[in-house]
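The sequence shown maps to residues 0 to 165 in numbering that gives the first Met the number 0. Cβ coordinates follow ideal geometry from the N, Cα and C atoms, glycine included. Have a look at the structure below before the remarks.
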Amino acid sequence: MKNFPLSLPVLAALACFGLAMGVFVWTSDALAYAGTRAETCNNCHVMHPMYENYYHAAHEQWAECADCHLPHENVFSYYFEKGRQGMHDVYVFSTGATPELIRANEHSQEIIQGNCIRCHNETVETVMMGPQPYDRNCWDCHRAVSHGERGLSTSPYQDSSLYPVK
């Protein structure tokens with residue numbers, strides 16, 4: 000056993016860990032989270048209102064959740080942010096700290112705004128050449144585009160202070 004650097008207990012522990020990880024990946028369908036399908040984001044029941052609204056909105060046929068909610072500068076930033084957001088969600092959901100109303104934080108808003116501009120670059124150039132100041136997020140005016148009209152949500156909480164009834 001002198002030539003063999005790992006002892007039997009260490010090998011047994013590694014084998015158990017590998018088996019446990021395999022079972023976890025299989026039972027949780029963890030590989031789906033590496034993809035971009037919107038249905039995967041809907042696996043958490045608290046995301047159902049957002050998914051339901053997305054499913055009935057204009058972007059449903061053109062974009063997945065990751066197209067708007069993750070950066071696309073390079074592969075590293077994409078998967079780093081995907082992992083960061085995923086670990087945040089796991090922590091929040093497993094500790095019961097899920098907010099009643101889920102809203103994008105400032106960091107996520109920057110990513111989403113950047114993706115609006117990335118996909119609609121020509122339109123944004125036209126808007127920016129107009130007389131209005133460019134100091135608002137795209138969804139300030141285009142609220143219904145990504146997640147549908149207000150009121151389609153199954154969530155009773157609506158931010159009427161930000162989106163007054165017209």
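- If you compare the alpha carbons of Ala19, Asn136, Cys43, Met86 with that of Glu105, the shortest gap goes to Asn136.
- A straight line joining the alpha-carbon of Trp25 with that of Val123 spans about 43 Å.
- Burial of Glu80 is indicated by the presence of at least 16 other C-beta atoms within 10 angstroms of its C-beta.
- When DSSP states are grouped into helix, strand and coil, Trp25 belongs to the helix group.
- Under a 10 Å Cβ-count criterion, Met46 is classified as buried, with 16 or more other Cβ atoms of the shown protein chains found around its own Cβ.
- In this structure, DSSP gives Ala96 a state outside helix and strand, which the three-state scheme calls coil.
- By the criterion of a C-beta distance shorter than 7 Å, Ser145 is surrounded in its chain by Tyr53, Ala56, His58, Cys67, Trp138, once the five residues flanking it on both sides are discounted.
- When C-alpha distances from Ser27 are compared across Ala14, Asn42, Thr35, the shortest belongs to Asn42.
- Taking C-beta separations shorter than 7 Å and ignoring five residues to either side along the sequence, the partners of Ala31 in its chain run Thr39, following chain order.
- Taking the Cα positions, Arg102 is about 28 Å away from Glu121.
- Residue burial is scored here from C-beta neighbours: Leu100 has fewer than 16 other C-beta atoms within 10 angstroms and is therefore classed as exposed.
- Judged by their CB atoms, Glu63 and Arg36 are nearer to each other than the 8 Å cut-off.
- Between the alpha carbons of Pro98 and Cys118 lies a gap of roughly 30 Å.
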